[in-house]
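Chains as they are written, first to last, in our numbering: chain A, 239 to 364; chain B, 239 to 364. Presented below is the structure to which this report refers.
There are 2 protein chains.
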Amino acid sequence: MEALTIHEAAETTGWTPRMLRYIERIGLIEPARTESGYRQYGAGDLQRLRTLRELLAEHEIGLGDVAFALRLRRDEALEGAVDSWLEAEPQRPEAVSADQWLRWEQEKHARIIAALTTNETMETAA
Amino acid sequence: MEALTIHEAAETTGWTPRMLRYIERIGLIEPARTESGYRQYGAGDLQRLRTLRELLAEHEIGLGDVAFALRLRRDEALEGAVDSWLEAEPQRPEAVSADQWLRWEQEKHARIIAALTTNETMETAA
DNA sequence: CCAACCTTGACACAGCTTTGATAAGGTTGC
DNA sequence: GCAACCTTATCAAAGCTGTGTCAAGGTTGG
C-alpha cells in the first residue's frame, strides 16, 4: 500500500537517500523491506524522520547522540552504570538515599510526560 | 588538607594531566581551585576519575557519550524531547499510554537502584 | 527488454574530537 | 631566588562522523 521507496522518503523528509541509509546503520530508523530487499518507509517512519530533523536542529545535538540515547535505553547494564556514575555528583554533598532519588526521578517523569503530550499534540496537528 | 595537584591526580588515576583538563572542560569533573587557581582533586574526584575509566572501558563508550548523558540530565527540555522521540518506537505498535509508560519507567528504576547499590558496595569495599 | 529504479560496498573529503607537545607566564617551597 | 610546579593558549596529528559520489549488480514495470 502506501510505503515509500528510499528516494521518495528522502524527498518528503528532507534527508538524502545516503543519510537515510546512515540513519538506519546507526540503528535509529529501520524501515521494513520488500521480499527483494528494497526499503519501505511507512507513515510512522516518515513522521519519525521529520521529528528527528527537528530534534537535532532544535537542541544542537548529533545523530550519534541520539544513537547513544537509544543504546542507553536498550542496554540496561549500561544505563545503570552511566546513571550511577552521574548520580554521584558533587553538588549533592552526601549520597542520596534511594528513596530521595526515586522521588526525584518520579518528578522527572511528570516533566517528561508533559513533554510527551506536548509532542503528541504537535504530531496530531501536523 | 588532602587534595592532590593535577599531576598527582593523574598519577593515581591513570589519566594524563592533559586529559584531566579535558575532562573538566567537557563538564565531567570540575575540581576545586586554590586561591591562585591551582586545581585541587579531592578524594571524591579521584574516585570518580577511576570509576570513569572503568565505565568507559567496560562499555565501549567515550567521554563525549558520558558528557551527553550529563547534558541530558541537566537539560530537561532536551531529555524530554529525546525520550519522547525514542518512545515512539515501532516495536510497540500503538502509542503507549502515559500510564503504561510510567509503569515501565518505574520498573526501570528498580533495575537502576540495583545497579546503584551494587556500585555503592563496590565503593565501600574499595 | 530496457529505463529507471533499488541494493551494498568503496573511496574521499571536510570538520569535529581526542590527545600530545610546547610556549609564555604565575605560584610555591625550601 | 630559583627549581619545580602550576596556569592558559596554541599548534598538530590521528581518528571518527557525516556526507557525497561512484561502481557493479539486482528488480520492476510498461
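Even glycine gets a Cβ: it sits at the ideal position worked out from N, Cα and C. Values in this document were obtained by computation on a predicted structure and should not be read as measured data.
Bridge partners - residue i, DSSP secondary structure assignment
{"i": "Ala270(B)", "result": "Gln278(B)"}
{"i": "Leu316(A)", "result": "Per DSSP, none; premise fails for Leu316(A)."}
{"i": "Leu242(A)", "result": "Tyr279(A)"}
Cut-off 8 Å between Cβ atoms - residues of its own chain near residue i, not counting five sequence neighbours on either side
{"i": "Leu294(A)", "result": "Gly300, Leu301 and Val304"}
{"i": "Ile264(A)", "result": "Leu301, Gly302 and Ala305"}
{"i": "Arg291(A)", "result": "Thr251, Gly252 and Trp253"}
Exposure of residue i, with buried meaning 16 or more beta-carbon neighbours within 10 Å
{"i": "Ala281(A)", "result": "exposed"}
{"i": "Gly275(B)", "result": "exposed"}
{"i": "Arg312(A)", "result": "exposed"}
{"i": "Ala319(A)", "result": "buried"}
Distance, residue j Cα to residue i Cα
{"i": "Glu246(B)", "j": "Arg277(B)", "result": "11 Å"}
{"i": "Glu298(B)", "j": "Leu316(A)", "result": "10 Å"}
{"i": "Glu343(A)", "j": "Thr289(A)", "result": "Legend: pLDDT at Glu343(A) = 45, less than 50; position of this residue unreliable, no value from coordinates given."}
{"i": "Thr251(A)", "j": "Thr250(B)", "result": "51 Å"}
{"i": "Leu287(A)", "j": "Glu240(A)", "result": "16 Å"}
{"i": "Ser322(B)", "j": "Pro255(A)", "result": "25 Å"}
{"i": "Leu242(B)", "j": "Glu325(B)", "result": "44 Å"}
{"i": "Glu296(B)", "j": "Glu314(A)", "result": "14 Å"}
{"i": "Gln285(A)", "j": "Gln285(B)", "result": "44 Å"}
Neighbourhood of residue i by C-beta distance below 7 Å, restricted to the same chain and skipping five residues each side
{"i": "Thr272(A)", "result": "Gln278"}
{"i": "Leu258(A)", "result": "Ile244, Ala247 and Ala248"}
Cβ separation of residue i and residue j, assumed to be a contact under 8 Å, to the nearest whole Å
{"i": "Asp283(A)", "j": "Ile267(A)", "result": "6 Å"}
{"i": "Leu310(B)", "j": "Ala307(A)", "result": "7 Å"}
Nonlocal neighbours in the same chain, by C-beta distance under 6 Å from residue i, ignoring five residues either side
{"i": "Ala270(B)", "result": "Gln278"}
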